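In this note's numbering, the protein residues as written are 1 to 411. Cβ atoms here follow ideal geometry from the backbone N, Cα and C, with glycine treated the same way. Fair warning: this is a prediction, and the values are worked out from it, not measured in the lab. Working notes for the structure below.
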């Protein structure tokens, strides 16, 4: 029997034993919080997925080592404004100093401290401001919803809204909570992971299954979004489980593991959609749902091709029902299909219309199409009539403001 997933108020501090904080350290921004802390009062099993970009930021290399070789993790220190990417030996030394500083203040081992950075590539982090910020975070940490919200706000760069969520499920007769937060607005095109994302849970689950669940999940959540086609050097998704819910340990696949995976997917999909809809300069969330594909991989490839098409994204921004761009993107995706057997639809809050079928344009109202394309969430539905597989991808429209934001982001 499928367990009900209950969405609750809060974010990363919702699970038992988790604390958070946000602080203003002046890393790059002024008069705003730019550092965050996530802390568990007990050691956690940790899982992570990281960027596949060959150019990996120092925090990515640090975290991969912690996740793979340390016995446990207990804290995450995050800064926004400067990415600590392409910073050489000094960048790695900065990660080490961050961990040592947090470890001393929190009374935990340095190899249990994860770090993450987001912002401008190539700049060195100001270590004095960084360590001062860690001191503020350690002093301010709390297990309240407000503290979790502060952390979610502190990791933002060009994001226009904070992104957090929490859910509850029952595992082994005990209520288990998962909470999450993420940031991401530009340089978003996941491959193995995306942006910065953090999920906490009080579930008792083995490290092996925790990593298995996360690695499997990102394929159909974070890896199915794109804002601009650029895979970041800093992409990091971390999952910490402290076991404080007291459920029987999940050590093998089965009903409890499936329920945990469903709750995790609820969290990651919610955050992924929030991120896609908050793309730099975006005015709407642009979703593509492919059904009737020959294989699951074909469905993923087809859906992703459409939301990554710059011409289609521009048409969505202009509220222009230019279905030819959609069909073109499907055609160059690499998946095999019969163009004369594809049905295309636009749908949104304002309704649903078919725009293409039987190899030609349908007789639809341009006025009605424009109305649908003016909704805050726009969906393209593509029925390939090739099989039973389906997949969904999320992106955003491409506006004038995207260029404005990124033309002078560094300076």
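Buried or exposed, going by whether 16 or more other CB atoms sit within 10 Å of the CB of residue i?
i	result
residue 365	exposed
residue 315	buried
residue 248	exposed
residue 410	exposed
residue 59	buried
residue 107	exposed
Give the range of the alpha helix (DSSP H) segment to which residue i is assigned.
i	result
residue 50	Per DSSP, residue 50 belongs to no alpha helix (DSSP H); it is in the beta strand (DSSP E), 35-50.
residue 371	366-373
residue 268	255-277
residue 280	Run containing residue 280: none; DSSP gives neither H nor E here.
Can you round the beta-carbon distance between residue i and residue j to whole angstroms, since I take them to be within the 8 Å contact cut?
i	j	result
residue 157	residue 81	7 Å
residue 231	residue 85	Rounded, the Cβ-Cβ distance is 12 Å, inconsistent with contact.
residue 221	residue 154	Contact doesn't hold; Cβ gap of about 23 Å is too wide.
residue 162	residue 178	Contact doesn't hold; Cβ gap of about 18 Å is too wide.
residue 112	residue 72	6 Å
residue 225	residue 393	7 Å
Helix, strand or coil for residue i per DSSP?
i	result
residue 216	helix
residue 324	helix
residue 178	strand
residue 417	Look at the range of the chain in this structure, 1 to 411, and you will see that residue 417 is not part of it.
residue 289	strand
residue 403	helix
residue 117	strand
residue 316	helix
residue 188	coil
residue 65	helix
residue 332	helix
Measure from the alpha carbon of residue i to the alpha carbon of each residue in the options, then state which is nearest.
i	options	result
residue 120	39, 178, 29	29
residue 138	118, 100, 168	100
residue 35	174, 51, 147	147
residue 279	358, 64, 376, 97	376
residue 94	51, 123, 367	123
residue 3	243, 263, 293	263
residue 19	42, 31, 7	42
residue 166	302, 141, 64, 267	267
Would you give the residue range spanned by the beta strand (DSSP E) that residue i belongs to?
i	result
residue 72	That residue, residue 72, is in no beta strand (DSSP E); it is neither H nor E in DSSP.
residue 352	351-357
residue 19	18-23
residue 165	163-171
residue 302	It is not in any beta strand (DSSP E) - residue 302 instead sits in the alpha helix (DSSP H) that spans 296-308.
residue 90	Where residue 90 is concerned, there is no enclosing beta strand (DSSP E), although the alpha helix (DSSP H) it sits in stretches over 88-106.
residue 8	6-8
residue 237	236-241
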